[in-house]
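Q: All letters in the sequence shown, in the order written, are residues 428 to 858 by our numbering. The C-beta atom is built at its ideal place from N, Cα and C for all residues, glycine as well.
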Amino acid sequence: MTTMQEPIGPVGTPIEVPATPAASFAPAADLAAAPAPRDREPYLRVTWNDPVTGARGHLVVHTLRSGIATGGTRMRAGCTLSEVEDLARGMAAKTAAFDLPVGGAKSGIDFDPKDPRAVGVLERFCEAMRPWIDAHWVTAEDLGVPQHLIDEVFARIGLGQSYHAAISRSADPAATLARVRQGLDARVPGGLLGDVIGGYGVAHACLGAASAFGWAVEGTTVAIQGIGTMGGGAAWYLHEAGMRVVAMADAAGTLYDPSGLDVPALLALRDGFGEIDRTRLPAGVTRLPRAAVVGLPADVFVPAAISYAITPDNSYDVAAKVVVEAANAATTPEAEAMLTARGVPVVPDFVANAGAAAWAWWLLLGRVGMSRDDAVTADESFALLRTQMTEKVRLLLDRWVAEGVPPRLTGLGLAVSDLDDTTARSALVIP
C-alpha cells in the first residue's frame, strides 16, 4: 500500500532558490483584484431559522455546473452568512482548480456542535434544504459536523448518504453508493481513507513546499493549529514522512516540543471533539496557550482549525517561512497581503485542502475505487492525490520564487473555467 514514506519530487536534494526582491511581491491591491470567482455574486443564498432552538443556518451556492454544486456543512456558534459565502467562493475555486465538472457551495449553521440539541438542529436543517440536497447539492463533513453524523442524518431522512444528489444520477445508484461507502470506510494507516485523505493532501502540500524551497524533509519543522480530521491527518502523514511536527494546537491549548512531538501517541489521546487528554501527555511536551502556536518557530505553519485564524492583528506573529492553509479561509485577505509583503507565501486553501473534495468526486466519477478492493482503492487514491497536489503546489511556489507572484494569484489562474456553465446534466456522467 502506498504511504507517505514515498518522497515527492526531489525532496532532500538541494535546490537553488533565488532571492526575490521585496519590491516584486504583489501588493494587497493585486490580491484583492484576483480573477473570478473571488468577485462573483453567488448563484443562490438561502437562510433558514430553526423553529425549535432559534438557530440560523445558511446555504450558499456560488456556482452551479451540470446542475450540481458541492461543498460541506459546518456547525459552529457564530457562523455567519458572510463566512458561508467566503467558503462557497473557495469551493468554486477548488472545483475549478482540480478540473471537477461541478460548482461550489457551502452551508453553515450558527449553533454549538457540543450542544445536545445539535443533531436535531442538523436534521431539521437538512430537511429544510431537501429540495437542494435531493437533486443539486452534494455535501459532506466540515467543522463541527463529522462525516458519520451527516450520513446518519441523511439516512434518517431517507436520502441514504450525503453524496445523494450525485449518486441518484448514476446509472446504477446502488452500485455507486456501495463504491462510495467502500471508499470512505477503507482501512489505511492513520484511520479510514475518507477521514484521512484530506489531511494526506495537506501533508503533500507541505512536502511540496519543502521540495520547492530545497529543504530536506527530516530537517523541516511544522506547527499545526487544529488536529481534527484535516489537521490530525496532516500531522499523521507528515510524521510518517519524517517531517518534524514541533507544535499541535487544539481548543485546550498548544503542545510544543522543539525536538518533535510523538504525533501518533498524541492523536490517540483525542476525544470525540478532537481535544487531547492533558492528563496523559508524553514526557517532554510543553503546554502553552492556544494562540501561541501561531508564533512558534517552524518552517511551515498549517492553520487547520477555524476560518480567519490569521488576521492583521496576529499576522506579524507568524514565524514560519510558508503558510499552508488546511482550514477554509484560514487567512484574511488583509493578513495575507501583510504576510506577502514580509516574503511569507500562503498556499491557499482551495489548493492545499482540496484533497478531500477532489477525492470524493474521483470516487463518484469512477477514477478510483472501481476495483472495490480496499488496498487498490487506497493506492490509487494516494497516488492520484499525491501527483496532483505536488504539481499544483510546485507550480504555485515556483512562480513565487522566480517572479514573486503570490500563490493565490497563480492558483486562481488555475481556477478560471466556465463558471457560467448552465445546469445541463449531460456534462456529468457518474458510472
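Can you name, in chain order, every residue of its own chain whose Cβ lies under 7 Å from the Cβ of Leu-665, other than the five neighbours on each side?
A: Stepping through the sequence shown from its first residue, residue 665 is reached at position 238. Once the five neighbours on either side are set aside, the close Cβ partners of Leu-665 are Ala-630, Cys-633, Val-649 and Val-672.
Q: With DSSP collapsed to three states, give me the class of Gln-588.
A: Here residue 588 is taken as the residue at index 161 of the sequence shown, counted from 1. The answer is coil: DSSP assigns Gln-588 none of H, G, I, E or B.
Q: So for Arg-769, helix, strand or coil by DSSP?
A: For the purposes of this step, residue 769 is taken as the residue at position 342 of the sequence shown. If DSSP states are grouped into helix, strand and coil, Arg-769 belongs with coil.
Q: Is the CB-CB distance between Ile-733 and Arg-697 below 8 Å?
A: By one-based count along the sequence shown, residue 733 stands at place 306. By one-based count along the sequence shown, residue 697 stands at place 270. Their beta carbons are not under 8 Å apart, which means Ile-733 does not touch Arg-697 by this criterion.
Q: DSSP three-state call for Leu-855: helix, strand or coil?
A: One-based indexing of the sequence shown puts residue 855 at position 428. It is coil, neither helix nor strand.
Q: Name the residue from Lys-748, Ala-718 and Ala-719 whose alpha carbon lies nearest to the alpha carbon of Val-727.
A: By 1-based counting over the sequence shown, the position of residue 727 is 300. The shortest Cα separation from Val-727 among Lys-748, Ala-718 and Ala-719 belongs to Lys-748.
Q: For Ala-453 and Leu-824, what's the separation of their Cα atoms in angstroms?
A: What you label residue 453 is simply residue 26 of the sequence shown in a count that begins at 1. What you label residue 824 is simply residue 397 of the sequence shown in a count that begins at 1. With a pLDDT of only 46 at Ala-453, under 50, the local geometry of the prediction cannot be trusted, and the value read off the model is given with reservation. Taking the straight line from one Cα to the other gives about 14 Å.
Q: If I follow the unbroken beta strand (DSSP E) through Ala-532, where does it start and stop?
A: In the sequence shown, residue 532 corresponds to position 105, counting from 1. It spans 530-537 - the beta strand (DSSP E) in which Ala-532 sits, taken as one unbroken run.
Q: Just to confirm, are Gly-498 and Ala-515 a CB contact at a threshold of 8 Å?
A: Here residue 498 refers to the residue found at position 71 when the sequence shown is read from its first residue. Here residue 515 refers to the residue found at position 88 when the sequence shown is read from its first residue. Against a cut-off of 8 Å, the Cβ pair of Ala-515 and Gly-498 comes out as a contact.
Q: Given this structure, state the Cα-to-Cα distance separating Gly-840 from Asp-539, to the nearest angstrom.
A: Taking the first residue of the sequence shown as position 1, residue 840 is located at position 413. Taking the first residue of the sequence shown as position 1, residue 539 is located at position 112. Near 37 Å, if we compare the C-alpha coordinates of Asp-539 and Gly-840.
Q: Ends of the beta strand (DSSP E) at Gly-484?
A: The residue labelled residue 484 in the question sits at position 57 within the sequence shown. Here the beta strand (DSSP E) through Gly-484 covers 483-488.
Q: Quick check on DSSP: helix, strand or coil for Trp-788?
A: By one-based count along the sequence shown, residue 788 stands at place 361. Trp-788 falls in the helix class under three-state DSSP.
Q: With DSSP as the reference, please indicate the residues paired to Gly-680 in a beta bridge.
A: Sequence index remark: in the sequence shown, residue 680 carries index 253 (1-based). In the DSSP output, where bridge partners are listed per residue, Gly-680 has Asp-677.
Q: To which residues of the same chain is Gly-571 closer than 7 Å at the C-beta, ignoring the five residues directly before and after it?
A: As a position in the sequence shown, residue 571 is number 144, starting the count at 1. Only Arg-501, Met-502, Arg-503 and Pro-540 meet the Cβ criterion.
Q: Going by DSSP, name the residue or residues bridged to Trp-475.
A: Here residue 475 refers to the residue found at position 48 when the sequence shown is read from its first residue. Note: Trp-475 sits in a beta bridge opposite Gly-484.
Q: Just grab the DSSP bridge partners of Thr-500 for me.
A: Here the question's residue 500 lines up with position 73 in the sequence shown. Paired residue(s): Ser-534.
Q: For Gly-628, collect the residues of the same chain with a Cβ closer than 8 Å to its Cβ; drop the 5 residues on either side in sequence, then sort them by chain order.
A: Here the question's residue 628 lines up with position 201 in the sequence shown. Within the same chain, Gly-628 has close Cβ partners Ala-779, Asn-780, Ala-781, Gly-782, Ala-783, Ala-785, Trp-786, Leu-812 and Met-816.
Q: Please list the terminal residues of the continuous alpha helix (DSSP H) segment that includes Pro-730.
A: Along the sequence shown, read from residue 1 onward, the residue named residue 730 stands at position 303. Looking at the DSSP string, Pro-730 is not in any alpha helix (DSSP H); the run it does join, the beta strand (DSSP E), is 727-730.
Q: What residue from Glu-752, Ala-725, Met-670 and Ala-639 has the CA that sits closest to Arg-826's CA?
A: Residue numbering aside, residue 826 sits at position 399 when the sequence shown is read from its first letter. Nearest C-alpha to Arg-826: Ala-639.
Q: Can you tell me whether DSSP reads Thr-566 as helix, strand or coil?
A: Translated into the one-based positions of the sequence shown, residue 566 becomes position 139. Looking at Thr-566 - three-state DSSP - the assignment turns out to be coil, as it is neither helix nor strand.
Q: Going by Cα to Cα distance, which pick from Val-745, Tyr-470 and Leu-790 is closest to Ala-602?
A: By 1-based counting over the sequence shown, the position of residue 602 is 175. Closest by alpha carbon: Leu-790.
Q: Which one of Asn-476, Ala-482 and Leu-491 has the shortest CA to CA distance from Glu-468?
A: Start at 1 with the first residue of the sequence shown, and residue 468 comes out as number 41. The candidate whose alpha carbon is nearest that of Glu-468 is Leu-491.
Q: What would DSSP say about Leu-508, mapped onto helix, strand or coil?
A: Position 81 of the sequence shown, counting from 1, holds the residue named residue 508. Note: Leu-508 maps to helix in three-state DSSP.
Q: Can you give me the C-alpha to C-alpha distance between Val-721 and Gly-793, rounded to a whole angstrom?
A: If you number the sequence shown from 1, residue 721 lands on position 294. If you number the sequence shown from 1, residue 793 lands on position 366. Cα to Cα, the separation comes out at about 40 Å.
Q: For the beta strand (DSSP E) containing Val-401, name the first residue and the last one.
A: What the structure shows of the chain is the stretch from 428 to 858, and residue 401 is not part of that stretch, so it cannot be assessed.
Q: Can you round the beta-carbon distance between Trp-475 and Ala-555 to whole angstroms, since I take them to be within the 8 Å contact cut?
A: Indexing the sequence shown from 1 puts residue 475 at position 48. Indexing the sequence shown from 1 puts residue 555 at position 128. Indeed, because the Cβ distance is near 5 Å, the residues count as touching under 8 Å.
Q: Taking the alpha-carbon of Asn-755 as reference, which of Met-765, Glu-645 and Val-774 has the nearest alpha-carbon?
A: Along the sequence shown, read from residue 1 onward, the residue named residue 755 stands at position 328. Measuring from the Cα of Asn-755, the nearest candidate turns out to be Val-774.
Q: Please report the Cβ distance between Thr-566 and Ile-584, rounded to the nearest whole angstrom; I am assuming they are in contact, meaning their Cβ atoms lie under 8 Å.
A: Locating residue 566 in the sequence shown gives position 139, counting from the first residue. Locating residue 584 in the sequence shown gives position 157, counting from the first residue. The pair is not a contact, with the Cβ atoms about 13 Å apart (cut-off 8 Å).
Q: Quick check for students: name the residue ranges of the beta strand (DSSP E) that lie wholly in the segment 617-677, counting only runs of 3 or more.
A: 648-652 and 671-677
Q: Could you name the residues of the same chain whose beta carbon sits closer than 8 Å to that of Ile-594, not counting the 5 residues immediately before and after it, in chain order?
A: By one-based count along the sequence shown, residue 594 stands at place 167. Only Gly-587, Gln-588, Pro-600, Thr-603, Leu-604, Val-607, Leu-791 and Ile-857 meet the Cβ criterion.
Q: Can you tell me where the beta strand (DSSP E) with Arg-714 in it begins and where it stops?
A: As a position in the sequence shown, residue 714 is number 287, starting the count at 1. Note, Arg-714: beta strand (DSSP E), 713-715.
Q: Let me make sure I understand the geometry here. Which of Gly-641, Glu-568, Ser-742 and Pro-716 has the alpha-carbon closest to that of Lys-611?
A: Translated into the one-based positions of the sequence shown, residue 611 becomes position 184. The residue you asked about is not Lys; residue 611 is Leu in the sequence shown. Leu-611 has its Cα closest to that of Glu-568, out of Gly-641, Glu-568, Ser-742 and Pro-716.
Q: I need the straight-line Cα distance from Ala-656 to Leu-693, nearest angstrom please.
A: Taking the sequence shown and counting its residues from 1, the one referred to as residue 656 is at position 229. Taking the sequence shown and counting its residues from 1, the one referred to as residue 693 is at position 266. According to the sequence displayed, residue 656 carries Thr and not Ala. Between Thr-656 and Leu-693, the C-alpha separation is close to 14 Å.
Q: For my contact list, Ala-496 and Gly-531 are in at a C-beta cut-off of 8 Å; report their separation, rounded to the angstrom.
A: Counting from 1 along the sequence shown, the entry for residue 496 is found at position 69. Counting from 1 along the sequence shown, the entry for residue 531 is found at position 104. 6 Å between Cβ atoms; contact.
Q: Spatial neighbours of Lys-533 within its chain, please: CB distance less than 7 Å, with the 5 preceding and 5 following residues excluded, ordered by chain position.
A: Taking the first residue of the sequence shown as position 1, residue 533 is located at position 106. The answer, listed in chain order, is Val-487, Gly-498, Gly-499, Val-511, Leu-514, Ala-515 and Met-518.
Q: Per DSSP, what are the beta-bridge partners of Arg-492 in this structure?
A: Numbered from 1 along the sequence shown, position 65 holds the residue referred to as residue 492. Ile-495.
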